[in-house]
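Encoded as structure tokens, the structure appears first; notes follow it.
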Amino acid sequence: MLNWDSVRADFPVLNQQVNGEPLVYLDNAATVQKPRIVIQSLVDYYERDNSNVHRGLHALSMRATNGYEGARTRVAKFINAADPAEIIFTRGTTESINLVAHSWSKAHLKPGDVILTTEIEHHSNLVPWQQAAKASGATLKYVPVLGENAEGGLDLDALDELLTPEVKLFAFTHISNTLGSINPINEFCRRARAVGAITVIDAAQSIGHVPLDVRELDCDFLAFSGHKMCGPTGIGVLYGKQELLDKLAPDETGGGMVVTVDYEGATWKPSPERFEAGTPNIADAIGLAAACDYLDSLDRAAIAKHDHELGQLAYEKLSTIPGIRILGPAKDRCGVVSFAFADVHAHDVVTFADEDGLALRGGHHCNQPLMRKLGLTSTTRASFYIYNTAEEIDVLVASLSRIQKFFGG
Ligand code: PMP
Numbered sequence: 001m002l003n004w005d006s007v008r009a010d011f012p013v014l015n016q017q018v019n020g021e022p023l024v025y026l027d028n029a030a031t032v033q034k035p036r037i038v039i040q041s042l043v044d045y046y047e048r049d050n051s052n053v054h055r056g057l058h059a060l061s062m063r064a065t066n067g068y069e070g071a072r073t074r075v076a077k078f079i080n081a082a083d084p085a086e087i088i089f090t091r092g093t094t095e096s097i098n099l100v101a102h103s104w105s106k107a108h109l110k111p112g113d114v115i116l117t118t119e120i121e122h123h124s125n126l127v128p129w130q131q132a133a134k135a136s137g138a139t140l141k142y143v144p145v146l147g148e149n150a151e152g153g154l155d156l157d158a159l160d161e162l163l164t165p166e167v168k169l170f171a172f173t174h175i176s177n178t179l180g181s182i183n184p185i186n187e188f189c190r191r192a193r194a195v196g197a198i199t200v201i202d203a204a205q206s207i208g209h210v211p212l213d214v215r216e217l218d219c220d221f222l223a224f225s226g227h228k229m230c231g232p233t234g235i236g237v238l239y240g241k242q243e244l245l246d247k248l249a250p251d252e253t254g255g256g257m258v259v260t261v262d263y264e265g266a267t268w269k270p271s272p273e274r275f276e277a278g279t280p281n282i283a284d285a286i287g288l289a290a291a292c293d294y295l296d297s298l299d300r301a302a303i304a305k306h307d308h309e310l311g312q313l314a315y316e317k318l319s320t321i322p323g324i325r326i327l328g329p330a331k332d333r334c335g336v337v338s339f340a341f342a343d344v345h346a347h348d349v350v351t352f353a354d355e356d357g358l359a360l361r362g363g364h365h366c367n368q369p370l371m372r373k374l375g376l377t378s379t380t381r382a383s384f385y386i387y388n389t390a391e392e393i394d395v396l397v398a399s400l401s402r403i404q405k406f407f408g409g
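Sequential numbering of the sequence shown, starting at 1, is according to this note's numbering.
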């Protein structure tokens, strides 16, 4: 059994007061806090090993290279990739998806082809496909969401009609950052394979919360951000199947990714170097590996259970507040709960809750088309992680009741 109190003690930032109240950090879908071991890995690297990687023959450069390449191997193990060469370090989910949308789409899409995505995607997994469709002449289609509060998840019956042989790529999120719904990604991958489409999974909201195994999923690409899994900001990953990466042209060119260069042209190294032009984010890759160690030491299945239970409890307790509108499914949800009041703007909710020490998020959560479809401009979002407690949900409910009273609800 995990001791969740000792987990909380691993996160120094949580031990503070905000506006005279104990900090209740419920903005985990935006970014999660960092345990001491991850912070220390960055300090250690800069204090002992800092140097540029690759091509360096001195001791520090070799240490930095070992740290950076060791991080690649560690991340490969974290998602069960077949080979570290399938792990490309990027700035985060957004850059990872853009890389596929540029490089893969340029080589493979033509007019008449279809890119399939869903109505619940974050802008990071939506705008790049709009751009790819415009550039290639392909058509972009969306799997619709069901219910006036999107409580029905995605319409899987519509998938039967949408997933035709014209679909060359199916891009979908694992967990919705607004609805808290969990997509059946195993089924999506299987059905995409059946029509010959490649799959791109946005794992930004799942990587830190649930175990992920790319070989079991048999997905083609998977993208995530370090900062949502206890790692640093500015580092993320694109996983890609080796046979696809080997055939892909680089999106960015420059130092470190070439074999030979002359005044007429250049030849590329294989993956992953081909996709990592310039000095990489060495320290944060090392920090990301420390985050993998930390999460594995806690047991990722136990993390999923903890976060999902808190999400469910929050859903149930918030449902008792009169006039609240909660988005997403009533059951089988993760630790993200997004809600709205008819007469109080989400920004007011967040500002008032801050007075009670709560960190919430209000806005469209980079889901503008989904908000518009649901007749909303914004929601307030509470999102939970390993250090949150049931008592903090009570603080949230009390704060929201106070806000409602203030606004005459
Ligand atoms: N996809 C989803 C589902 C997200 O929640 C986010 C971050 N809010 C992103 C993509 C983008 O991640 P990043 O900003 O780290 O690139």
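Ideal placement from N, C-alpha and C gives every residue a C-beta, glycine not left out.
- An exposed status is given to M1, since fewer than 16 other beta-carbon atoms sit within 10 Å of its beta-carbon.
- A straight-line Cα-Cα distance of about 10 Å links H365 and S176.
- As the crow flies, the alpha-carbon of K317 is around 21 Å from that of G147.
- In chain order, A85 and L245 place their CB closer than 6 Å to the CB of S271, counting only its own chain and leaving out the 5 sequence neighbours on each side.
- In the three-state DSSP reduction, R333 falls in the strand class (E or B).
- Note that the C-beta distance between F221 and K247 is not below 9 Å.
- Per DSSP, F11 is not a residue of any alpha helix (DSSP H), being assigned neither H nor E.
- In the DSSP annotation of this structure, the continuous segment of the beta strand (DSSP E) that includes T139 starts and ends at T139 to V143.
- The DSSP-derived three-state label of G70 is helix.
- Contact between M229 and I207 holds, with the beta-carbon distance rounding to 5 Å and staying under 8 Å.
- Taken through DSSP and simplified to helix, strand or coil, L23 comes out as coil.
- With fewer than 16 other Cβ atoms from the protein chains shown falling within 10 Å of its own Cβ, V13 counts as exposed.
- Ligand 1 has a heavy atom closer than 8 Å to the beta-carbon of K228.
- With a 10 Å radius around the Cβ and a threshold of 16 neighbouring Cβ atoms, P322 comes out exposed.
- Counting C-beta pairs closer than 8 Å gives fewer than three between the segment 62-69 and the segment 393-402, which falls short of the contact rule.
- Within the segment 153-241, the runs of beta strand (DSSP E) at least 3 residues long that lie entirely inside it are, in chain order, 167-173, 198-202, 221-225 and 236-240.
- For D299, the secondary structure class from DSSP, reduced to helix, strand or coil, is coil.
- Relative to the non-hydrogen atoms of ligand 1, the Cβ of E119 never comes closer than 8 Å to any of them.
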